[in-house]
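Student: Residue numbers (my numbering), protein chains in the order written: chain A, 641 to 789; chain B, 641 to 789.
There are 2 protein chains.
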Amino acid sequence: MPTRAELGVWRSFLRAHARLTRIMEAELIAEQRLSLAAYDVLVQLSEAPQYRLRMTELADAVLLSRSGVTRLVDRLERAGLVLRERADGDGRGVVAVLTSSGLERLRTASGTHLAGVVRHFAEVFTNSELEAFGRACELLASSSPEEVL
Amino acid sequence: MPTRAELGVWRSFLRAHARLTRIMEAELIAEQRLSLAAYDVLVQLSEAPQYRLRMTELADAVLLSRSGVTRLVDRLERAGLVLRERADGDGRGVVAVLTSSGLERLRTASGTHLAGVVRHFAEVFTNSELEAFGRACELLASSSPEEVL
């Protein structure tokens with residue numbers, strides 16, 4: 641069982657994430673009419689080779705909820721920001737592809753998002769605090785006594 | 641715009657959160673047949689006065705996705721873990737109430753969850769690293785130049 645202090649830090653971590661993502665989402669919706677999950681999908685596709693990812697790869701790559709990815713891609717497709725194609729070769733599976741209008745929309749939206757990363761996140765820390773926080777997050781993001789997922 | 645280093649730390653933070661919540665959810669589902677979002681709802685209700693929260697308060701209190709809270713409470717109600725009542729007094733609004741079987745289910749499930757908090761989170765750090773990480777998260781969870789939400 642965790643100590644009271646350990647559990648307190650865990651909860652602070654969850655609250656920090658909830659608060660920041662809610663603020664960033666509110667700004668993104670207000671200024672860009674884009675949810676943070678939609679922004680996340682556009683970012684992942686923009687960084688993939690040829691702007692393409694299999695739907696299963698996309699679900700693994702997103703940093704927010706992967707449960708709603710299929711419906712989210714439906715909406716992005718209707719808005720012309722993403723299109724779906726059959727995967728080459730094996731004829732099975734579907735890939736999501738970022739369109740040029742999706743890339744343009746992402747570039748515009750990144751102005752809002754990146755300003756938020758500075759204002760709500762980076763500026764809260766001194767340089768050395770930010771470095772230490774980055775090392776701690778890297779540790780959490782990569783190491784685990786056993787690999788579960 | 642953030643520097644490359646600042647953006648890198650922000651992304652590590654998101655990856656750390658995504659990875660930890662996915663691992664914790666996989667363990668909770670495997671051992672307790674409970675999603676992390678459902679666990680989160682049960683925790684918030686268990687800590688509320690008389691185990692009751694208005695649906696709007698519950699949506700604000702949860703640390704994970706608040707978008708699916710209504711449907712989640714539907715499922716928890718069908719499972720007998722939560723019930724809905726009209727809010728006292730004004731006759732408007734609905735409160736969610738934790739049932740005794742919900743409290744029992746939470747107590748059992750917390751064994752899995754709290755062991756995961758130790759194994760995947762607390763044990764990764766030394767004591768002083770954990771303290772510093774906690775202070776950083778508190779800063780992110782509470783301070784912001786302007787209050788947006």
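By construction, the Cβ of each residue, glycine as well, lies at the ideal position given by its N, Cα and C atoms.
Quick one: Cα of B:Val709 to Cα of B:Ala678, how far?
Tutor: Counted from its first residue, the second sequence places residue 709 of chain B at position 69. Counted from its first residue, the second sequence places residue 678 of chain B at position 38. For B:Val709 and B:Ala678, the distance between alpha carbons rounds to 9 Å.
Student: Could you please tell me which residues of the segment 694-721 of chain A, in chain order, have their CB closer than 9 Å to any CB of chain B?
Tutor: Here the close residues are Val702, Leu703, Leu704, Ser705, Arg706, Ser707, Gly708.
Student: Counting pairs of Cβ atoms below 8 Å between the segment 666-681 of chain B and the segment 642-658 of chain B, do you hit three or more?
Tutor: No: fewer than three Cβ pairs fall under 8 Å.
Student: Could you tell me the boundaries of the beta strand (DSSP E) in which A:Val758 lies?
Tutor: For the purposes of this step, residue 758 of chain A is taken as residue 118 along the first sequence, with counting starting at 1. It is not in any beta strand (DSSP E) - A:Val758 carries neither H nor E in the DSSP assignment.
Student: If contact is defined by three or more beta carbon pairs under 8 Å, each pair taking one atom from either stretch, is the segment 771-782 of chain B in contact with the segment 761-778 of chain A?
Tutor: Flag = yes, the segment 761-778 of chain A and the segment 771-782 of chain B touch.
Student: Could you tell me the alpha carbon to alpha carbon distance between B:Glu725 and B:Arg706, rounded to whole angstroms?
Tutor: Translated into the one-based positions of the second sequence, residue 725 of chain B becomes position 85. Translated into the one-based positions of the second sequence, residue 706 of chain B becomes position 66. Going by the C-alpha atoms only, they are around 20 Å apart.
Student: Within 9 Å of any Cβ in chain A, is that where the Cβ of B:Pro642 sits?
Tutor: Looking up residue 642 of chain B in the second sequence gives position 2. By this cut-off, B:Pro642 is an interface position.
Student: Here's a check: name, in chain order, each residue in its chain whose Cβ is nearer than 7 Å to the Cβ of A:Leu660, leaving out the five neighbours to either side.
Tutor: Indexing the first sequence from 1 puts residue 660 of chain A at position 20. So the list reads His760, Phe761, once near-sequence residues are dropped.
Student: Bridge partners of B:Val764, per DSSP?
Tutor: Residue mapping note: residue 764 of chain B aligns to position 124 of the second sequence, counting from 1. Bridge partners of B:Val764: none, in fact.
Student: Using only the alpha-carbon positions, how far apart do A:Ala658 and A:Gly733 sit?
Tutor: On the first sequence, position 18 is the one that residue 658 of chain A refers to. On the first sequence, position 93 is the one that residue 733 of chain A refers to. Taking the straight line from one Cα to the other gives about 33 Å.
Student: Would you report the Cα separation of B:Val758 and A:Ser741, rounded to the nearest angstrom?
Tutor: Along the second sequence, read from residue 1 onward, the residue named residue 758 of chain B stands at position 118. Along the first sequence, read from residue 1 onward, the residue named residue 741 of chain A stands at position 101. Each residue's Cα considered, the two are about 45 Å apart.
Student: Give the secondary structure of B:Val735 by DSSP, where H, G and I count as helix, E and B as strand, and everything else as coil.
Tutor: Within the second sequence, numbered from 1, the residue matching residue 735 of chain B stands at position 95. The answer is strand: DSSP assigns B:Val735 an E or B state.
Student: Taking only beta-carbon positions, decide if A:Arg651 is within less than 9 Å of chain B.
Tutor: For this step, residue 651 of chain A is matched to residue 11 along the first sequence. So, interface residue.
Student: Which residues share a DSSP beta bridge with B:Leu723?
Tutor: For the purposes of this step, residue 723 of chain B is taken as residue 83 along the second sequence, with counting starting at 1. Answer is B:Val737, bridged to B:Leu723.
Student: If we define contact as Cβ-Cβ less than 9 Å, is B:Arg655 a contact residue for chain A?
Tutor: Translated into the one-based positions of the second sequence, residue 655 of chain B becomes position 15. At least one chain A Cβ lies under 9 Å of B:Arg655.
Student: Start and end of the alpha helix (DSSP H) containing B:Leu693?
Tutor: To locate residue 693 of chain B, count along the second sequence from 1; it is residue 53. From DSSP, B:Leu693 is part of no alpha helix (DSSP H) but of the beta strand (DSSP E) over 692-694.
Student: Classify B:Leu789 as helix, strand or coil using the three-state DSSP reduction.
Tutor: Position 149 of the second sequence holds residue 789 of chain B. With a pLDDT of 47 at B:Leu789, under the threshold of 50, the modelled position of this residue cannot be trusted; read the value that follows with caution. Three-state result, B:Leu789: coil.
Student: How should B:His642 be labelled, buried or exposed, when 16 other C-beta atoms within 10 angstroms of its C-beta is the threshold for buried?
Tutor: Locating residue 642 of chain B in the second sequence gives position 2, where the first residue counts as 1. Note that residue 642 of chain B corresponds to Pro in the displayed sequence, not to His. Classification for B:Pro642: buried.
Student: Do A:Ala772 and B:Ala772 come within 9 Å of each other at the CB atom, strictly closer than that value?
Tutor: Counted from its first residue, the second sequence places residue 772 of chain B at position 132. Counted from its first residue, the first sequence places residue 772 of chain A at position 132. Yes, they are a contact pair.
Student: For B:Leu754, would you say it is in contact with chain A, using Cβ-to-Cβ distances shorter than 9 Å as the test?
Tutor: Here residue 754 of chain B corresponds to residue number 114 of the second sequence, with the count starting at 1. It does; some Cβ of chain A falls within 9 Å.
Student: Using 8 Å as the threshold, is the segment 667-675 of chain B in touch with the segment 746-753 of chain B, meaning 3 or more CB pairs across them?
Tutor: Counting Cβ pairs under 8 Å, three or more are found: they touch.
Student: Return the CA-CA distance between A:Leu668 and A:Leu704, expressed in angstroms with no decimal places.
Tutor: Position 28 of the first sequence, counted from the start, is the residue given in the question as residue 668 of chain A. Position 64 of the first sequence, counted from the start, is the residue given in the question as residue 704 of chain A. When rounded, the distance between both Cα atoms is 15 Å.
Student: Using alpha carbons as the reference points, say which of B:Ala666, B:Arg711, B:Ala688 lies closest to B:His753.
Tutor: What you label residue 753 of chain B is simply residue 113 of the second sequence in a count that begins at 1. Closest option to B:His753, Cα to Cα, is B:Ala666.
Student: Going straight from the alpha carbon of B:Ala670 to that of B:Arg745, what length do you get?
Tutor: Your numbering for residue 670 of chain B matches position 30 in the second sequence. Your numbering for residue 745 of chain B matches position 105 in the second sequence. Taking the straight line from one Cα to the other gives about 15 Å.
Student: In the DSSP assignment, find the unbroken alpha helix (DSSP H) run with B:Leu668 in it and report its ends.
Tutor: One-based indexing of the second sequence puts residue 668 of chain B at position 28. First-last of the alpha helix (DSSP H) with B:Leu668: 644-672.
Student: Could you run through the segment 756-769 of chain B and flag, in chain order, every residue whose CB is less than 8 Å away from some CB of chain A?
Tutor: Hits within the stretch, in order: Val757, Val758, Arg759, His760, Phe761, Ala762, Glu763, Val764, Phe765, Glu769.
Student: Suppose you measure from the CA of B:Arg718 to the CA of B:Leu743; what does that come to, to the nearest Å?
Tutor: Indexing the second sequence from 1 puts residue 718 of chain B at position 78. Indexing the second sequence from 1 puts residue 743 of chain B at position 103. About 15 Å.
Student: Against chain A, which members of the segment 669-690 of chain B pass a CB distance test of less than 7 Å?
Tutor: If the cut-off is 7 Å between Cβ atoms, the segment 669-690 of chain B has nothing near chain A.
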